[in-house]
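Keeping their order, the protein sequence lines are chains H and F. 809 is the number that this note's numbering gives to position 276 of the first sequence; each next residue is one higher, with no gaps. 548 is the number that this note's numbering gives to position 15 of the second sequence; each next residue is one higher, with no gaps. Here the structure is laid out as structure tokens; the discussion comes afterwards.
Number of protein chains: 2
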Amino acid sequence: MQQKTALIMKNDQWIYSKRPSERVSEQNYERRVTELSTALSQNEVLIKAAYISVDPYMRIQQHEIRTYDVPHPLGIVQRAGVVGQVVASENENFVEGDWVLAYSGWQKFAKCHASELRKLNPNDAPVSTALGVLGMPGRTAWFGLMEAGKPRPGETLLVSGAAGAVGSLVAQFGKKAGCKVFGIAGGAEKCRFLTDKLNLDGAIDYREFKTTECLAEEIQRTTGGVDIYFDNVGGMITDAVIPLIKLRARIVICGAISQYDGKLDKPELGPRLLQHMLYQRATIQGILARDYTSRMDEMLAIVAPWVKNKQIVFEETIVEGFDKLPDALNSLFEGKNLGKLLVKV
Amino acid sequence: MQQKTALIMKNDQWIYSKRPSERVSEQNYERRVTELSTALSQNEVLIKAAYISVDPYMRIQQHEIRTYDVPHPLGIVQRAGVVGQVVASENENFVEGDWVLAYSGWQKFAKCHASELRKLNPNDAPVSTALGVLGMPGRTAWFGLMEAGKPRPGETLLVSGAAGAVGSLVAQFGKKAGCKVFGIAGGAEKCRFLTDKLNLDGAIDYREFKTTECLAEEIQRTTGGVDIYFDNVGGMITDAVIPLIKLRARIVICGAISQYDGKLDKPELGPRLLQHMLYQRATIQGILARDYTSRMDEMLAIVAPWVKNKQIVFEETIVEGFDKLPDALNSLFEGKNLGKLLVKV
């Protein structure tokens with residue numbers, strides 16, 4: 534083996550330093566330039582980030598309380614999925630220039646163990662899809678809908694956050710499963726995206742409705758009742774939907790983005806609606822991407838060909854600049870992005 | 534066939550005449566004495582009520598909104614399960630003196646079609662059990678726990694309304710399934726019943742706690758977390774329990790008695806807690822006795838021997854007097870009864 538000379542490089546990192554009480558911003562991070570030796574241990578791989586992910590779940594983990602995980606520790610790099618390229622490798626499966634998916638967080642460079650990396654073939658699909666339709670959001674959408682939602686042809690599927698990374702995929706998977714699919718989103722542009730680009734059967738702009746009652750009336754008028762409600766948003770939208778469920782409806786709780794800016798610590802008040810579960814003998818099921826990690830290939834076998842053959846729309850909103858990471862994360866809670874939000878380094 | 538002479542008898546009925554806005558009382562009924570001819574059509578059976586049931590579900594059906602059923606019509610006899618004796622019969626399977634279960638409502642006499650009746654053997658079990666442990670409440674408890682709760686040995690089952698008709702059975706079925714079982718009930722007497730008579734692993738008197746937080750602390754301290762929550766009560770008790778569920782917990786919504794006095798029409802506010810379903814990948818499932826009607830024999834095959842061999846406690850609170858029916862129904866919402874509440878005619 535040829536001896537390599539270790540260099541000392543500069544790394545650029547966003548350190549999660551202070552828990553947000555409401556919205557997340559740059560105030561919750563410390564930008565740090567550190568030194569990184571290129572010396573690698575056996576099976577270690579050095580990667581350079583190209584696309585860094587911002588996802589709503591990150592804000593859940595920033596809470597002080599235990600949620601589905603212990604809270605994200607302070608003083609370490611913000612955890613995140615990353616698509617990058619191999620710069621150096623001490624593992625035979627990875628060579629310089631390879632594209633990989635890593636979970637290396639908000640930093641420009643990272644050393645990863647080879648076992649933590651998934652190699653990506655840029656000829657199969659744009660590499661950024663490993664953070665979207667062919668990655669965690671895709672897995673969440675696929676298994677959340679298919680396993681918990683159990684769609685049957687002819688049923689009515691309603692998706693909240695339908696123009697988002699997960700929602701836009703759930704909606705399309707629902708169409709492929711033979712459902713009538715309706716989406717709820719914020720703003721006319723997103724609603725046009727749902728009907729015109731995703732070909733959904735209808736879209737509802739929740740921002741046009743001041744009260745839960747008015748929103749509920751519109752949802753009922755548009756959908757005629759709901760067999761499957763795939764919820765990414767929670768709050769008032771879910772309050773409007775629950776009384777409209779049909780017999781043996783399935784409600785999939787995938788997210789509650791309306792509650793992430795502090796309301797997980799101190800719950801908001803909303804109407805008590807669990808009696809509707811009894812009226813309709815319905816179920817509510819919470820799902821999490823990590824429960825299906827081991828079944829990733831099962832999803833890819835079905836969805837990757839759809840991506841390749843352009844049978845599915847996988848919209849991306851790409852923010853340019855490593856500097857923009859905290860802002861980009863915050864923008865998720867303002868509902869500004871269409872599809873998957875990514876930061877290009 | 535011998536010709537029978539038809540007589541005209543007096544019948545005594547409670548007519549449901551006015552929807553309650555809060556608690557139900559005599560104000561919501563009209564007492565009516567009507568005439569009833571003993572002449573019977575083919576397959577008709579005349580029965581005389583002995584035990585008339587009052588159940589929480591009746592109050593759900595009294596709401597003006599559609600719940601799990603169309604609202605109980607005004608101007609007809611209050612619907613209810615009844616155990617009675619055959620007075621006259623035009624069906625070969627029933628003879629005078631037979632004990633039967635009917636759904637003939639709050640009236641002293643009723644004509645039923647033979648197909649609506651279930652014959653009871655008073656040597657197998659007290660006939661009143663057909664309205665309790667071997668009837669609708671037993672079926673609800675059995676299938677609700679076994680099908681939706683899916684108990685496994687060693688798991689922790691928490692039951693609200695644990696001293697009631699359904700809850701007291703769920704708790705015992707849970708013990709038989711090998712669970713650690715805890716009950717929540719109102720008052721020291723009920724809690725003693727749970728620990729001393731039902732041999733539960735612990736009991737919590739919710740009335741001793743002024744806030745949801747204090748109640749939650751006590752539940753956590755007592756149970757150590759909940760795998761299965763069988764809910765008959767809803768409201769503040771359920772608010773306290775939901776954040777304490779364990780991974781892949783099952784919440785069974787069997788009832789929400791705390792909400793029945795008007796809060797189904799105008800929902801109360803409570804904390805938003807659906808995010809916990811996501812944290813724990815848990816399910817909430819609503820169940821209803823009627824979904825398991827066709828499987829009644831399956832339940833009876835298991836539970837009837839337990840009743841016969843005194844392996845199960847089936848407490849009854851019996852109110853004497855047809856006059857007392859509205860009061861008895863209302864008393865369910867005051868939490869006064871232990872086990873199944875019946876009115877003896």
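Glycine residues also receive a C-beta, built at the ideal position from the N, C-alpha and C atoms. Here the structure is a predicted model, which means the values were calculated and not measured.
C-alpha distance - Lys551 of chain F paired with Glu867 of chain F, whole-angstrom precision: The residue given as residue 551 of chain F occupies position 18 in the second sequence. The residue given as residue 867 of chain F occupies position 334 in the second sequence. Taking the straight line joining both Cα atoms gives about 21 Å.
Within-9 Å CB hit, Gly795 of chain F to chain H: Along the second sequence, one-based indexing puts residue 795 of chain F at 262. Cβ-Cβ to chain H under 9 Å: no for Gly795 of chain F.
Does any residue of chain F bring its CB to less than 9 Å from the CB of Asp856 of chain H? Mapped onto the first sequence, residue 856 of chain H falls at position 323. No, Asp856 of chain H lies away from the interface with chain F (no Cβ there is under 9 Å from its Cβ).
Can you check DSSP and say which residues form a bridge with Trp632 of chain H? Translated into positions along the first sequence, residue 632 of chain H becomes position 99. Bridge partners of Trp632 of chain H: H:Gln618, H:Leu653.
Enclosing alpha helix (DSSP H) for Asp772 of chain F [first to last residue]: By one-based count along the second sequence, residue 772 of chain F stands at place 239. That run of the alpha helix (DSSP H) goes 768-774.
Verify the CB distance criterion: does His809 of chain F have a CB-CB separation below 9 Å to chain H? One-based indexing of the second sequence puts residue 809 of chain F at position 276. For His809 of chain F, the answer is yes, since a Cβ of chain H falls inside 9 Å of its Cβ.
Quick one, which residues of the segment 808-840 of chain F are near chain H if we go by CB-CB under 8 Å, in chain order? Gln808, His809, Met810, Leu811, Tyr812, Gln813, Arg814, Ala815, Thr816, Ile817, Gln818, Gly819, Ile820, Leu821, Asp824
If you measure beta-carbon to beta-carbon, which residues of the segment 601-617 of chain F are closer than 7 Å to chain H? Tyr601
Contacting positions in the segment 649-676 of chain F - beta carbon closer than 8 Å to chain H: none
Going by beta-carbon coordinates alone, are Gly788 of chain F and Asp772 of chain F separated by less than 9 Å? The count along the second sequence starts at 1 and reaches residue 788 of chain F at position 255. The count along the second sequence starts at 1 and reaches residue 772 of chain F at position 239. For Gly788 of chain F and Asp772 of chain F, no; Cβs fall outside 9 Å.
For a contact meaning CB atoms closer than 9 Å, what does Thr771 of chain H contact in chain F? As a working note, residue 771 of chain H is residue 238 in the first sequence. Correct list: Arg805, Leu807.
Starting from Glu563 of chain F, trace the beta strand (DSSP E) both ways and give me its first and last residue. Here the question's residue 563 of chain F lines up with position 30 in the second sequence. Run containing Glu563 of chain F: 562-570, per the beta strand (DSSP E) assignment.
Looking at the structure shown, is Asp729 of chain H part of a helix, part of a strand, or coil, going by DSSP? Here residue 729 of chain H refers to the residue found at position 196 of the first sequence. Of the three classes helix, strand and coil, the one that applies to Asp729 of chain H here is helix, per DSSP.
Are the CB atoms of Ile851 of chain H and Val666 of chain H within a distance shorter than 9 Å? By 1-based counting over the first sequence, the position of residue 666 of chain H is 133. By 1-based counting over the first sequence, the position of residue 851 of chain H is 318. No.
Residue range of the alpha helix (DSSP H) that Lys709 of chain H falls in? Your numbering for residue 709 of chain H matches position 176 in the first sequence. Per DSSP, Lys709 of chain H belongs to the alpha helix (DSSP H) from 700-709.
Which residue wins for smallest C-alpha separation from Gly630 of chain H, given the options H:Ala582, H:Gln611, H:Ala613? Working through the first sequence from its first residue, we reach residue 630 of chain H at position 97. Measuring from the Cα of Gly630 of chain H, the nearest candidate turns out to be H:Ala582.
What do you get for Ala621 of chain F, buried or exposed, if any count of 16 or more other CB atoms within 10 angstroms of its CB means buried? Residue 621 of chain F sits at position 88 when you count from the first residue of the second sequence. Buried.
For chain H, find out if any of its Cβ atoms is closer than 9 Å to the Cβ of Gln595 of chain F; answer yes or no. Residue 595 of chain F sits at position 62 when you count from the first residue of the second sequence. No, Gln595 of chain F lies away from the interface with chain H (no Cβ there is under 9 Å from its Cβ).
Chain H contact residues for Ala789 of chain F, given Cβ-Cβ distances below 9 Å: Position 256 of the second sequence, counted from the start, is the residue given in the question as residue 789 of chain F. The contacting residues are Arg805, Leu807, Gln808, Leu811.
Would you check if the distance between the CB atom of Gly819 of chain H and the CB atom of Gln813 of chain F is smaller than 9 Å? Here residue 819 of chain H refers to the residue found at position 286 when the first sequence is read from its first residue. Here residue 813 of chain F refers to the residue found at position 280 when the second sequence is read from its first residue. Against a cut-off of 9 Å, the Cβ pair of Gln813 of chain F and Gly819 of chain H comes out as a contact.
Which two residues bound the contiguous alpha helix (DSSP H) that contains His809 of chain H? Taking the first residue of the first sequence as 1, we reach residue 809 of chain H at position 276. Taken as a continuous stretch (DSSP letters only), the alpha helix (DSSP H) holding His809 of chain H covers 808-813.
Is the Cβ of Leu802 of chain F closer than 9 Å to any Cβ of chain H? Along the second sequence, read from residue 1 onward, the residue named residue 802 of chain F stands at position 269. Yes, contact with chain H.
CB contact below 9 Å: Asp764 of chain H versus chain F: Taking the first sequence and counting its residues from 1, the one referred to as residue 764 of chain H is at position 231. By this cut-off, Asp764 of chain H is an interface position.
Taking 9 Å as the cut-off, decide whether the C-beta atoms of Leu807 of chain H and Ile817 of chain F are in contact. In the first sequence, residue 807 of chain H corresponds to position 274, counting from 1. In the second sequence, residue 817 of chain F corresponds to position 284, counting from 1. Yes; because the gap between Cβ atoms is below 9 Å, this pair is in contact.
Please classify Gln560 of chain F as buried or exposed, where buried requires at least 16 neighbouring CB atoms within 10 angstroms. Translated into the one-based positions of the second sequence, residue 560 of chain F becomes position 27. With fewer than 16 Cβ atoms within 10 Å of its Cβ, Gln560 of chain F is classed as exposed.
Run down chain H in chain order and give the residues with a C-beta less than 8 Å from the C-beta of Ile786 of chain F. As a first step, residue 786 of chain F is located in the second sequence; it is residue number 253 there, counting from the start. In chain order: Leu807, Gln808, Met810, Leu811.
State the Cα-Cα distance for the pair Asn544 of chain F and Val566 of chain F, rounded to the nearest angstrom. Taking the first residue of the second sequence as position 1, residue 544 of chain F is located at position 11. Taking the first residue of the second sequence as position 1, residue 566 of chain F is located at position 33. Roughly 6 Å between the two C-alpha positions.
So, do the segment 594-605 of chain F and the segment 792-807 of chain F have three or more beta carbon pairs nearer to each other than 8 Å? yes
Run the CB neighbour count on Leu843 of chain F, radius 10 Å, all protein chains shown included, and call it buried at 16 or more, exposed below. Along the second sequence, one-based indexing puts residue 843 of chain F at 310. Before going further, note that residue 843 of chain F is Lys rather than Leu in the sequence given. Lys843 of chain F comes out exposed.
Hey, Ala643 of chain H and Phe627 of chain H are a contact pair by Cβ (cut 8 Å); roughly how many whole angstroms apart? For the purposes of this step, residue 643 of chain H is taken as residue 110 along the first sequence, with counting starting at 1. For the purposes of this step, residue 627 of chain H is taken as residue 94 along the first sequence, with counting starting at 1. Ala643 of chain H to Phe627 of chain H, Cβ: 13 Å. No contact.
With a 10 Å radius around its C-beta and 16 neighbouring C-beta atoms as the bar for buried, classify Met534 of chain F as buried or exposed. Sequence index remark: in the second sequence, residue 534 of chain F carries index 1 (1-based). Note that Met534 of chain F scores a pLDDT of 48, beneath 50, so its modelled location is shaky; the value from the coordinates is reported in the next line. Answer is exposed; the Cβ neighbour count stays below 16.
Using a cut-off of 9 Å between C-beta atoms, extract the partners of Gln753 of chain F located in chain H. Translated into the one-based positions of the second sequence, residue 753 of chain F becomes position 220. The premise fails here: Gln753 of chain F is roughly 13 Å from chain H at the closest Cβ pair, so nothing lies under 9 Å.
Straight-line CA distance for Pro659 of chain H to Val840 of chain H? Indexing the first sequence from 1 puts residue 659 of chain H at position 126. Indexing the first sequence from 1 puts residue 840 of chain H at position 307. Distance between the alpha carbons of Pro659 of chain H and Val840 of chain H is about 9 Å.
Proximal residues of chain H, C-beta to C-beta of Gly697 of chain F below 7 Å: Along the second sequence, read from residue 1 onward, the residue named residue 697 of chain F stands at position 164. Per Cβ cutoff of 7 Å: no residues; Gly697 of chain F is ~16 Å from chain H at best.
Cα-Cα, which of H:Tyr601, H:Val714, H:Ser791 is closest to Gly758 of chain H? Walking along the first sequence from the start, residue 758 of chain H turns up at place 225. Nearest option by C-alpha distance: H:Val714.
What separation, rounded to the nearest whole angstrom, lies between the Cα atoms of Pro859 of chain H and Arg783 of chain H? As a working mapping, residue 859 of chain H is identified with position 326 in the first sequence. As a working mapping, residue 783 of chain H is identified with position 250 in the first sequence. Their backbone Cα atoms lie some 35 Å apart in a straight line.
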